[in-house]
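Okay, structure first, notes after.
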Amino acid sequence: MTVFTKIIKGELPSDKVLENDHFLAFHDINPKAPIHILIIPKEEVKDFQSVSGRLMSEMTLFMQEVAKLMGLDKSGYRLVVNNGKDSGQEVMHLHFHMMGGSKLIWPHLADTDTKNFF
Ligand code: AMP
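With the numbering used here applied, the sequence shown corresponds to residues 102 to 219, in that order.
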């Protein structure tokens with residue numbers, strides 16, 4: 102069982118932002134931006150690669166609602182989803198990182214000559 106399943110079940114605490122029957126949004130414990138929220142489905146889905154279009158379309162509406170609630174729909178935000186080992190995905194339960202609250206840099210590209218990627 103992942104740490105996020107424990108949060109969904111209420112076995113671990115979380116700083117909740119928004120919840121409905123199918124999705125949960127809560128603050129990341131180790132924020133990388135002034136506002137850093139994790140958005141997860143309650144259904145067990147291990148990563149983005151295996152999520153259904155049906156669930157993703159509902160999740161999109163939920164994420165838009167979270168952005169509005171936090172005022173990020175006006176100021177802007179970044180969505181990040183890590184998928185699999187090369188991305189550094191740590192928790193094997195689908196989650197979107199929603200980050201905002203200041204002008205964001207693009208850290209992993211900022212100092213790197215993109216020629217080195219290929
Ligand atoms: P990822 O590397 O994409 O799998 O991201 C996992 C994220 O989960 C990291 O940003 C962690 O800081 C966050 N995280 C891990 N445990 C908790 C927790 N108990 N409550 C809130 N965020 C967590």
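Glycine residues also receive a C-beta, built at the ideal position from the N, C-alpha and C atoms. Just so it is clear, the structure is predicted and the values come from calculations on it, not from any experiment.
Item, Value
"Extent of the continuous alpha helix (DSSP H) to which Val182 belongs", "Here Val182 belongs to no alpha helix (DSSP H), and DSSP marks it neither H nor E."
"The stretch 186 to 193 touching the stretch 115 to 130, judged by at least three CB pairs closer than 8 Å", "no"
"Heavy atom of the ligand AMP within 7 Å of Gln150 beta-carbon", "no"
"Glu120, enclosing beta strand (DSSP E) - first and last residue", "117 to 120"
"As assigned by DSSP and simplified to three states, the class of Met65", "Any answer about residue 65 is impossible in this case: the structure gives the chain only from 102 up to 219."
"Under 8 Å between C-beta atoms of Glu166 and His123", "no"
"Near the ligand AMP: Ser127 beta-carbon under 7 Å from a heavy atom", "Residue identity check: residue 127 is Phe in the sequence provided, not Ser. It does: the Cβ of Phe127 is within 7 Å (strictly closer) of some heavy atom of the ligand AMP."
"Beta-ladder partner(s) of Phe149, from DSSP", "Partner(s): none; Phe149 has no beta bridge."
"beta-carbon Gln165 near the ligand AMP non-hydrogen atom, thresh 7 Å", "no"
"The stretch 109 to 121 / the stretch 162 to 179 touching (three or more Cβ pairs under 8 Å)", "yes"
"Burial state of Gly201 (16 or more Cβ within 10 Å)", "buried"
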